[in-house]
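Visitor:
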Amino acid sequence: MKMDRPALHAEEMLRAVAMRDRAYEGRFLYGVETTRIFCRPSCPSRAAKPENLRFFADVPEAQAAGYRACKRCRPEERPFDVEKAQEIARLIEKRAEEALPLSRLAAAVGLSPTHMQKLFKAVFGVSPKAYQDGLRARRFKELLRDGDGVTGAIYEAGYGSPSRVYGEGRRNIGMAPSAYRAGGAGETISYACRHCALGQLMMAATDRGVCFVMFGESEAALLDALAAEFPKARLQKSIEADGERLSRWIDALDAHLSSRGPRPELPLDLRGTAFQLLVWRFLICIPEGNVVSYADVAAGIGKPKAHRAAASACAANRLAVLAPCHRVLRGDGGLGGYRWGVNRKRALLDMERAGLPEARKR
Ligand SMILES: [Zn+2]
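Quick note on numbering: the UniProt record's numbering labels position 297 of the sequence shown as 297, and the sequence is numbered without any gaps.
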């Protein structure tokens with residue numbers, strides 16, 4: 001085994017590779033002598049026998065030794081900078097009403113447009129443009145509710161002209177009924193856990209997007225809940241499969257909950273009855289800081305008599321925070337129930353209220 005940088009012991013690096021420990025990202029690379037391929041410490045590929053591993057300080061060193069970059073973990077690319085992606089999201093939030101060409105956004109954070117776009121998509125799951133569209137669509141609905149009239153709302157939300165409102169590509173929410181498979185039969189769902197400000201958090205995703213976000217007492221309890229929701233799917237811990245993507249998504253949500261980072265606009269894979277899908281899509285459109293009643297939800301989906309069914313659909317929500325059922329209160333203004341406990345509901349509402357500009361607080 002060759003060691004150019006004595007900062008890390010070989011034993012430590014072997015352990016990091018065995019654990020696929022992301023904390024060692026950027027500190028070393030490893031190559032496999034039998035395949036002549038080199039990887040990041042966190043590469044999800046099956047690691048080779050310890051005696052076949054060789055360690056490198058950086059990409060040029062690995063290449064000089066005649067190794068090729070792994071196609072899976074792409075060690076020749078820079079590690080993803082989640083904080084930088086959050087800085088971009090904050091910038092978009094501040095200037096959502098303006099036209100923001102990629103070149104201008106990229107210049108503002110000191111990256112090339114290509115790299116900026118790629119980083120943003122890796123962390124938030126959508127392009128900067130789709131993120132901005134999502135913000136505008138929510139603000140458009142908010143302006144309409146505040147009584148500015150449709151035309152005023154269109155211009156204030158930055159659409160420029162009424163014809164653009166309906167042409168804006170929205171992010172992927174939900175799936176075609178033809179693609180729906182009960183219980184996740186034949187599918188692989190990957191999951192990851194974090195300990196966030198509201199307790200243990202689990203996120204799970206199909207290849208279409210996030211299908212499960214829940215709070216719970218422990219990883220084991222959450223895994224039981226995931227298995228109950230998708231009894232026929234193959235469940236695997238994200239590190240084995242699609243680790244990189246899901247890790248960044250749950251990190252972005254954790255940052256939102258634990259340190260007031262921007263709210264991630266992740267691609268969602270919603271699954272439910274036609275009625276549940278109506279309710280959940282309505283929830284996704286409730287602007288941050290706003291609350292509605294179950295009767296508002298029923299009226300909002302065009303079924304004013306169905307407020308009990310609307311409440312049941314909220315209670316069956318599998319996407320905590322991302323489909324914000326915590327913004328639905330009882331008709332008398334009482335907190336109402338919450339699938340993950342009313343204390344968490346109160347904490348989420350307090351957090352969102354605290355984040356609003358003064359003028360909008362009542
Ligand atoms: Zn690799």
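Virtual Cβ for every residue (Gly too), placed ideally from N, Cα, C. Since this is a predicted model, take the numbers as computed values, not measurements.
Could you tell me how far apart the beta carbons of R321 and V210 are, in whole angstroms, since I believe they sit closer than 8 Å?
Guide: One detail in the question is off: residue 321 reads as Val in this sequence, not Arg. About 10 Å separates the two Cβ atoms, so there is no contact after all.
Visitor: Can you tell me whether residue 393 sits near ligand 1, meaning its C-beta is under 7 Å from at least one heavy atom of the ligand?
Guide: The structure shown does not extend to residue 393, since the chain is modelled only from 1 through 362, so no value can be given for it.
Visitor: If you scan the segment 232-305 from start to end, which runs of the alpha helix (DSSP H) of 4 or more residues do you find wholly inside it?
Guide: 243-259, 274-284, 294-300, all fully within the segment 232-305.
Visitor: Just how far apart, CA to CA, sit S245 and R15?
Guide: Going by the sequence as given, residue 245 is Arg instead of Ser. Going by the C-alpha atoms only, they are around 23 Å apart.
Visitor: Between K118, S45, G186, which lies nearest to R72 when the distance is taken from Cα to Cα?
Guide: Selected option, being the one with the closest Cα: S45.
Visitor: Quick one: what's got a C-beta closer than 8 Å to I189's C-beta in the same chain, skipping five residues either side?
Guide: Around I189: A204, A205, T206, C211, F212, L226, F230, A233, R234, L235, Q236.
Visitor: Let me check you understand the geometry: is the CB of S247 closer than 7 Å to at least one non-hydrogen atom of ligand 1?
Guide: No, Cβ of S247 sits at least 7 Å from all heavy atoms of ligand 1.
Visitor: Whose C-beta lies closer than 7 Å to the C-beta of A310 among residues of the same chain, with five residues either side of it excluded?
Guide: Once the five neighbours on either side are set aside, the close Cβ partners of A310 are V279, Y294, V297, A298.
Visitor: Does any heavy atom of ligand 1 sit closer than 7 Å to the C-beta of S293?
Guide: For ligand 1, not one heavy atom lies less than 7 Å from the Cβ of S293.
Visitor: In this structure, does DSSP put T206 in helix, strand or coil?
Guide: It is coil, neither helix nor strand.
Visitor: When the Cα of G302 is compared with those of A316, L319, R281, which residue comes out closest?
Guide: The shortest C-alpha separation from G302 is found at R281.
Visitor: Which residues share a DSSP beta bridge with M351?
Guide: For M351, which the question treats as bridged, DSSP gives no partner whatsoever.
Visitor: So does R20 have its beta carbon nearer than 7 Å to some heavy atom of ligand 1?
Guide: No, since every heavy atom of ligand 1 falls outside the 7 Å radius drawn around the Cβ of R20.
Visitor: Could you tell me the distance, in whole angstroms, from the CA atom of C314 to the CA atom of P60?
Guide: About 53 Å.
Visitor: Helix, strand or coil: how does DSSP classify H195 here?
Guide: Of the three classes helix, strand and coil, the one that applies to H195 here is strand, per DSSP.
Visitor: Relative to the C-alpha of C196, which candidate in A221, A228, G186, I250 has its C-alpha closest?
Guide: The shortest Cα separation from C196 among A221, A228, G186, I250 belongs to I250.
Visitor: Report back the beta-carbon spacing between L283 and C325 to the nearest angstrom; my notes put them in contact at under 8 Å.
Guide: Rounded, the Cβ-Cβ distance is 6 Å, consistent with contact.
Visitor: Report yes if the C-beta distance between P264 and L253 is below 8 Å; otherwise report no.
Guide: For P264 and L253, yes; Cβs fall inside 8 Å.
Visitor: Would you call the segment 27-39 and the segment 50-66 in contact, with 3 or more CB pairs under 8 Å?
Guide: Segments in contact, yes.
Visitor: Between R327 and ligand 1, is the CB less than 7 Å from at least one heavy atom?
Guide: R327 Cβ: outside cutoff for every heavy atom of ligand 1.
Visitor: Distance check for R327 and S218, CA to CA, integer angstroms please.
Guide: For S218 and R327, the distance between alpha carbons rounds to 25 Å.
Visitor: Taking all protein chains shown into account, decide if D224 is buried (16 or more other Cβ within 10 angstroms of its Cβ) or exposed.
Guide: When all chains shown are included, D224 counts as exposed.
Visitor: Assuming P128 and L105 make a contact with CB atoms under 8 Å, what is their CB distance in whole Å?
Guide: About 6 Å; that satisfies the 8 Å criterion.
Visitor: Helix, strand or coil: how does DSSP classify L226 here?
Guide: Helix, per DSSP.
Visitor: If you measure from the CB of R36, is any heavy atom of ligand 1 nearer than 7 Å?
Guide: Outside the cutoff, so no.
Visitor: Just to confirm my understanding: we take Q86, look at its own chain, exclude 5 residues before and 5 after, and list those with CB closer than 8 Å. What are they?
Guide: Correct list, in chain order: V123, A252, A255, G261, P262.
Visitor: Can you grab the Cα-Cα spacing for the pair L135 / D350, in whole Å?
Guide: Answer to the nearest angstrom: the Cα atoms are 21 Å apart.
Visitor: Given V150, which residues of its chain have a CB within under 6 Å of its CB, disregarding the five upstream and five downstream residues?
Guide: The predicted position of V150 is uncertain, since its pLDDT is 48 and thus under 50; a value taken from the coordinates is nonetheless stated next. Excluding residues within five positions, none has a Cβ falling inside 6 Å.
Visitor: Once you ignore the five residues that flank E93 on each side, which residues in its own chain have a CB closer than 7 Å to its CB?
Guide: Answer for E93: L135, P262, listed in chain order.
Visitor: Return helix, strand or coil for Y24, following the three-state DSSP convention.
Guide: Helix at Y24.
Visitor: Taking 7 Å as the cut-off, is the C-beta of R68 nearer than that to any heavy atom in ligand 1?
Guide: Because no heavy atom of ligand 1 lies under 7 Å away, the Cβ of R68 does not count as near it: no.
Visitor: Would you please state the rounded distance, in angstroms, between the beta carbons of R353 and G289? I believe it to be under 8 Å.
Guide: Going by Cβ atoms, the distance from R353 to G289 rounds to 6 Å, so yes, they are a contact pair.
Visitor: Could you check the C-alpha separation between A108 and H115 for me, to the nearest Å?
Guide: Each residue's alpha carbon lies about 13 Å from the other.
Visitor: So which of A96, A99, V82, G31 has the shortest CA-CA distance to K121?
Guide: Among A96, A99, V82, G31, the Cα nearest to that of K121 is on V82.
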